[in-house]
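2 protein chains.
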Amino acid sequence: MMSLKEQLDKIMCPKSIAVVGASNKEHTIGSDIMKRLQEYKFTGKIYPINPKGGEIQGLKAYTSVLEVEDSIDLALIVVNSKFVLSTIDQCNEKGIKGLCIITAGFKETGKEGVELEKQLVEKINEYGMRCVGPNCLGVVNTNPEIRMDGCFAESLPERGHIGFVSQSGALGGGILNILKDLNLGFAQFISIGNQADINAETALEYWENDDDVDQMLLYMESIQNPANFRKLASRISKKKPILALKAGRSAAGASAASSHTGSLAGADKAANALLQQSGVIREYSLKNLFATAKVFKTCPIPKGNRVAIITNSGGPGIMATDAVCEYGLQMAKISDETKETLRSFLPAAASVKNPIDMIASAPIEHYKQTLKTVIADENVDMIITIYLPFLGLKDIDVAQALMEIKAEYPEKPVIGVFMTKSEFFSKLSDMDVNMPFFMYAEEAAEGLMRLDQQRQWIERPEGKIPCYDVDRKKAESIMYNALKEDRAQLTTRESIDVLEAYGIRVCKSGFATNEEEVASLGNSIGYPVVMKMTSKTTSHKTDVGGVRVNIQSEEQLRAEYRDLLSKLEEKGLLDGLEGVIIQEMVKGNREMVCGIATDPQYGPMMMFGLGGVFIEVMKDVTFRIAPLTDMDAKDMIKSVKAYKLLEGARGTKPAQMEQIEETLLRLSQLVSDYKFIDELDINPLLISEKTGEGIAVDGRIKVRMEEAKEALGLTCCACGSCN
Amino acid sequence: MMSLKEQLDKIMCPKSIAVVGASNKEHTIGSDIMKRLQEYKFTGKIYPINPKGGEIQGLKAYTSVLEVEDSIDLALIVVNSKFVLSTIDQCNEKGIKGLCIITAGFKETGKEGVELEKQLVEKINEYGMRCVGPNCLGVVNTNPEIRMDGCFAESLPERGHIGFVSQSGALGGGILNILKDLNLGFAQFISIGNQADINAETALEYWENDDDVDQMLLYMESIQNPANFRKLASRISKKKPILALKAGRSAAGASAASSHTGSLAGADKAANALLQQSGVIREYSLKNLFATAKVFKTCPIPKGNRVAIITNSGGPGIMATDAVCEYGLQMAKISDETKETLRSFLPAAASVKNPIDMIASAPIEHYKQTLKTVIADENVDMIITIYLPFLGLKDIDVAQALMEIKAEYPEKPVIGVFMTKSEFFSKLSDMDVNMPFFMYAEEAAEGLMRLDQQRQWIERPEGKIPCYDVDRKKAESIMYNALKEDRAQLTTRESIDVLEAYGIRVCKSGFATNEEEVASLGNSIGYPVVMKMTSKTTSHKTDVGGVRVNIQSEEQLRAEYRDLLSKLEEKGLLDGLEGVIIQEMVKGNREMVCGIATDPQYGPMMMFGLGGVFIEVMKDVTFRIAPLTDMDAKDMIKSVKAYKLLEGARGTKPAQMEQIEETLLRLSQLVSDYKFIDELDINPLLISEKTGEGIAVDGRIKVRMEEAKEALGLTCCACGSCN
């Protein structure tokens, strides 16, 4: 077996390429691809393949790959889709292991295309090949030893160190044009198209240890294998920044995405959780994607989030300060020593507090000395330097002076904000810069925020998925019994019992079916208690008066029980009654909620946040894909606004954060163990005013019947009656 | 008296300018300003003034304005600050009514500067002059009949129809450079500097009926006279868009702003409320400010918010859809007729649903036909047309084709998203375009959102500040009595009584001082009731057990009262007790809050939102400057997330929105009538589950003692004892 590197090298670093479908006909892909490979001076051999033979773009053409005598690493396929399968057969016969199928007409076109693509995948797997596409723009490698432009974008590629994966071919082409303008070059580009074989994950893994690739950019409309993406990306993002633009966020956008690529765009909440847990920096527009890439291109990862601003004009200094604060960064406290040094050469009207305003008269020498002084300050982690044009000072000279100083301090990020003519930026794009320059302060602040985000991710301890000792047997037998009765929805008692079997702190309770049992339970739990009916026929208990709270004594408890029975009898609901749950009454006014939502593509997704009537209105909830690591659980709790309530706002008792974390982790273990659980809510998870514990006061579990029956061995054959 | 127009015309449309402090010395303002006026070909006369006389920049120099024989409209003053006052005297002697003082060294420099500026203002007022500055960059008018560049920015101004006011001189200069690059010209520019006389409001009013100005852009760090700004801007913004960048949002930014401009930057919440109530479009970065200006430059105000997207590539279509939805716009439903027409010429693989994907092969003809078809669809209010470069299609040709069609449909906004090389945009900037073009879809969607915001503002009925018939006498006598006892903080009873005097629905209640009164009150209000102590010494009643709820009978009421007395006695707090309030117990679990916060600069600011323990955590509150119009009150209620709760989420009774509106309006009237009210809270304003009314269950009012005493006639002399 070849390693992934060996396999992908055949495609991305080939020594020889066969262009199957090469052509002399102008404005065809078969002709353009040939021209591109030659124009960009591919360092290996090119074999045009065309059934007519002859000469194509000045090279001898072969009627089939089989006719070529030398070995071929990569077949770039542009023939009509109906010839693709037979071409693959020939490639196999020739011993070709790398394919890039540009040809469209597969699963993106409907039923027949889906079938054709299925056959294509089978062939590739059978032959042990790797394949980019189909329905893609091609592949590019700008490494001087390779120089492969196997792609039909408008521009020739710009050399650099970005690894770029695009799910949209056309967009990929558009981006290549823009990148060139932005002076953002890339090392490799893979247009993954329909992702029949190679997808974003494959590319990430391939680039993980490739020194030519410093950062990875992804344009995605769907994530094929979320679990694998998470595994790889969370590892690789600790070494190199991964930036992603995931389109199809809105319902309308997702529906457009699905019609367009033939792959279902997962719910955006799930995608967001996944990217977050994977340490991927998510951008929401191409503009921001490129701006961030530009920052990572030259900036080191800072040691902290304290920003100093140096300016020659007050207004932009204020705007930069606003932006720094709004992006959650700190304004650095300039040390007294630094201030003193600054005062020694800046004019009296200058301000040596952060933002440091050198005032409009600042000559280049002040820019140099100020930057040099501030960058050496230990209280400063990152710097924004602002320039506004004043008479007698040239933007490009100031930029060069800043870059000179910056070169002496490679460990601290410095970003230039030059509010000057666009000519300045054109000039820069022909230069070798060691720091990024933007027109506006907000862009600089956003860039620093991204650097800091990456720092936090790198510093974040590697999360662990704990495995608690739980009573699986009990949990399974409860679910088994419900399934035997063909109930997908567990009763409250069953739900709570399953949670308890997984070690989740539920409120003390017991089940009773007659008045004497009720009274004895109440006495053993201790008052006040709550009484809740459980019924196989009535799931909304409160609507029928089935919940009685704050019962203070045995006497009251007996009276409430008798009253419940008579009310149910009146309504004709007595038959469904199983009994009542007597629960300790947990006091507290902080109602949290946790549970899962199941996304068809991403699997179970954990939810945590503020419960009660506010769930839908405030939407103060957060999501993570299960299974959770301990770090994920910590993040979840901290990321809701209601965290302040948990901390103990207004003199309430602080919640036991670790116990709540553990609740989430145990829940995660539960839904990972039983993937057939479709819905699960703990609502409320009440924070006890007495102990600060999160206590599951009510629970609701629903399974997917068929899946659950199969998993728990309830369907041994297809007859449906044996168990 | 001259009208404002006549006064400002002296400065902005002068026939003659004296440059006081003109110079031949290179790189001085006195030399640069002279050069600029001449280079830009000022259509009037220029008189350089310099004590040395002679010739300056080729013109005869005068030793003083008095030496000039002709009349002078505007004196551009650049002399040292110590000569400014005497210069003003001379200007007055000469009969000059317009000043633009570029000179710095006034209130921005500290105590002495503040004094100097005070004298300057006195002189201007005495002489009946109007003045721009001091400490500013100057003034510009690009009208061909004027051609005045009285400003020392790096670039010559670009002709256009923006009126631009900048509080930061340097920034103003920077912006002029950028505007030119963006092909955004302006009609007039005023660098207001320290705003000793002329400020943003003056400019808005001056431009209100000036046909040369189509839209107004403001860069502000503070708003000098919020009430006047609101009055003018809310009127003018209905005629022409007003876009503002208000810097100093963050606490750090505001502190930088105040050190820099010498004017206190108001709290950002107040500024935000003010801009919102004034119909001003607030932008948060220069980049967005200019992008929006570019959109308003060529786009009409749409009829609605339904957007159609036309694209030749799927990915960007999805991104545009995401952005359209995220900016709160609607994706238009393309009519069946339109779809049919589109299908008649687009290839089978194209999608005629919105986003309309013409696919990569789309020739110019398809762009034209598709735009023409879609723009005529009555379901479509605005259009984004996306172009990605494909072989054989030139960006500029596509743009021209689109503009041709657009010219036939002037009433619908169309924005082009051209993901192409920056050369395209440079080319455009030399052309006369009739629609905006951006590189990215998000920019286009944001632009459309701004157009729609302006549409909504224009369509919003003119708000009215109602004047309710209230019992001022009662309110005043309550406050008077508290003040007589030197209490700035009113008791609960007093607070509630003041609210009731202003017709606010408070819960039924009465005051009792002994058990018999308590019992009789309870019986007349009807059970259940709440009992609350009122005390002059204890303001946090709940902490001492002074609030008893859900009292069901006379018997229980008597018992609770006796219990309260004994508890207070134990704690030694019985002496402060005034009595108890017996209140109807309003049932409902929707706790809102309303009240005021007083901003030192903006005055009383109304607050409304979700109350209870969630105020600080959720911060689901909104602010508006008092007095409120009926429209403001409506907006407030709708703009909090908890509005959904009020609408009746989860089967609760819908709240009486109009009654809550009226509560806010009456409260606004109260705090407008008595400006000395410093704090006022109704918390909770409970929504009755029975009637849906908002009922003030608890209230708290605090006044500013000295101000209040004066206003209510409690201090007739300085002795402090007579009243």
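Residue numbers (the working numbering), protein chains in the order written: chain A, 86 to 808; chain B, 86 to 808. All residues carry an ideal CB built from backbone N, CA and C; glycine is no exception. Here the structure is a predicted model, which is why all the values come from computation and not from measurement.
Going by the DSSP bridge assignment, what does Gly245 of chain B pair with across the sheet? Beta-bridge pairing links Gly245 of chain B to no other residue.
Mind pulling the chain B residues with CB within less than 7 Å of Lys507 of chain A? Checking the sequence, you will find Ser at residue 507 of chain A rather than Lys. The contacting residues are Asp266.
At a CB distance below 8 Å, what residues from the region 446 to 460 of chain B approach chain A? Give them in sequence order. If you check each beta-carbon in the region 446 to 460 of chain B against every beta-carbon of chain A, none falls closer than 8 Å.
Under three-state DSSP, which class holds Gln541 of chain B? In the structure shown, Gln541 of chain B sits in a helix (DSSP, three-state: H, G or I).
Straight-line CA distance for Ile394 of chain B to Gly657 of chain A? The straight-line gap from Cα to Cα measures roughly 57 Å.
Compile a chain-ordered list of the residues in the region 251 to 281 of chain A whose CB is closer than 9 Å to at least one CB of chain B. Listed in sequence order: Ser251, Gln252, Ser253, Gly254, Ala255, Leu256, Gly257, Gly258, Gly259, Ile260, Asn262, Ile263, Lys265, Asp266 and Leu267.
Examine chain A for any beta-carbon lying closer than 7 Å to the beta-carbon of Met504 of chain B, and answer yes or no. It does; some Cβ of chain A falls within 7 Å.
Taking the C-alpha atoms as reference points, what is the distance between Thr128 of chain B and Asn109 of chain B? The straight-line gap from Cα to Cα measures roughly 22 Å.
Candidates A:Arg540, A:Gly697 and A:Leu374: which alpha carbon is nearest Asn390 of chain A's? Comparing Cα-Cα distances from Asn390 of chain A to each of A:Arg540, A:Gly697 and A:Leu374, the minimum goes to A:Arg540.
Taking the alpha-carbon of Gly548 of chain B as reference, which of B:Met467, B:Gln362 and B:Ala358 has the nearest alpha-carbon? For Gly548 of chain B, the nearest C-alpha among the options comes from B:Gln362.
Give the DSSP-derived three-state secondary structure of Gly736 of chain B in the structure shown. In the three-state DSSP reduction, Gly736 of chain B falls in the helix class (H, G or I).
Go to Val169 of chain B, then tell me how far its alpha helix (DSSP H) extends in each direction, as first and last residue. Boundaries of the alpha helix (DSSP H) around Val169 of chain B: Val169 to Lys179.
Under 9 Å from the C-beta of Arg633 of chain B: neighbouring residues of chain A: Within 9 Å Cβ-Cβ: nothing; Arg633 of chain B doesn't reach chain A, min ~17 Å.
What residues are listed by DSSP as bridge partners for Arg633 of chain A? Looking at the DSSP assignment, Arg633 of chain A forms a beta bridge with A:Met616.
Going by the beta-carbon positions, is the gap between Glu792 of chain A and Gln744 of chain A smaller than 7 Å? Note that the C-beta distance between Glu792 of chain A and Gln744 of chain A is not below 7 Å.
Give me the DSSP bridge partner(s) of Ala682 of chain B. Per DSSP, B:Met690.
Hey, how far is the Cα of Trp542 of chain A from the Cα of Asp720 of chain A? Using only the alpha carbons, I get a separation of about 12 Å.
Are Cys236 of chain A and Leu256 of chain A closer than 7 Å when you measure CB to CB? Not in contact: Cys236 of chain A and Leu256 of chain A (Cβ atoms no closer than 7 Å).
Specify the secondary structure class of Pro133 of chain A as computed by DSSP and reduced to three states. Three-state DSSP puts Pro133 of chain A in a strand.
Following the continuous beta strand (DSSP E) through Tyr304 of chain A, name the residue where it begins and the one where it ends. Unbroken beta strand (DSSP E) run through Tyr304 of chain A: Gln300 to Met305.
Beta-carbon proximity check, Ile134 of chain B vs Val150 of chain B, cutoff 7 Å: The answer is yes: Cβ separation under 7 Å.
Can you find the residues in the same chain that come closer than 7 Å, C-beta to C-beta, to Met404 of chain A, ignoring five residues on each side of it along the sequence? For Met404 of chain A, where only same-chain residues beyond five positions count, the Cβ hits under 7 Å are Ala526.
Which residues in the same chain have their Cβ closer than 6 Å to the Cβ of Thr622 of chain B, if we skip the five residues on either side of it in sequence? Hits under 6 Å: Gly661.
How far does the alpha helix (DSSP H) with Ala445 of chain B in it extend, from its first residue to its last? Run containing Ala445 of chain B: none; DSSP gives neither H nor E here.
Where Leu349 of chain A sits in the DSSP three-state scheme: The predicted position of Leu349 of chain A is uncertain, since its pLDDT is 35 and thus under 50; a value taken from the coordinates is nonetheless stated next. In the three-state reduction of the DSSP assignment, Leu349 of chain A falls in the coil class, being assigned neither a helical nor a strand state.
Can you list, in chain order, the residues of its chain whose CB lies under 6 Å from that of Phe430 of chain B, leaving out five sequence neighbours each side? Non-local C-beta neighbours of Phe430 of chain B in its own chain, meaning closer than 6 Å and more than five positions away in sequence, comprise Gln454, ordered along the chain.
Let me check one thing: in DSSP terms, what residues is Tyr472 of chain B bridge-paired to? Under DSSP, the beta-bridge partners assigned to Tyr472 of chain B are B:Phe503.
Assuming Gln754 of chain A and Val583 of chain A make a contact with CB atoms under 8 Å, what is their CB distance in whole Å? No, Gln754 of chain A and Val583 of chain A are not in contact; Cβ-Cβ is about 12 Å, not under 8 Å.
Leaving out five residues before and five after Leu267 of chain B in sequence, what residues of the same chain have Cβ atoms less than 6 Å from its Cβ? So the qualifying residues of the chain are Phe375.
Just to confirm before moving on: does the CB-CB distance between Asp480 of chain A and Phe510 of chain A stay below 7 Å? Contact flag unset, no.
Residues that DSSP places opposite Thr707 of chain A in a beta bridge: As DSSP reads the structure, Thr707 of chain A sits in a beta bridge with A:Phe693.
Assign Ile263 of chain B to one of three DSSP states: helix, strand, or coil. Residue state, collapsed to three classes: helix.
Using a Cβ-Cβ cut-off of 7 Å, state whether Met404 of chain A counts as contacting chain B. Met404 of chain A counts as touching chain B.
Nearest by alpha-carbon distance to Thr683 of chain B: which of B:Glu669, B:Leu201, B:Ile786 and B:Glu243 is it? Distance from the Cα of Thr683 of chain B is smallest, within the candidate group B:Glu669, B:Leu201, B:Ile786 and B:Glu243, for B:Ile786.
Compare the C-alpha of Glu489 of chain B against each of B:Phe475, B:Tyr452 and B:Asn464 and name the closest. Comparing Cα positions, the closest option is B:Tyr452.
DSSP bridge partner residues for Tyr147 of chain A (one or two, in chain order): Within the DSSP bridge table, the entry for Tyr147 of chain A names A:Ile134 as partners.
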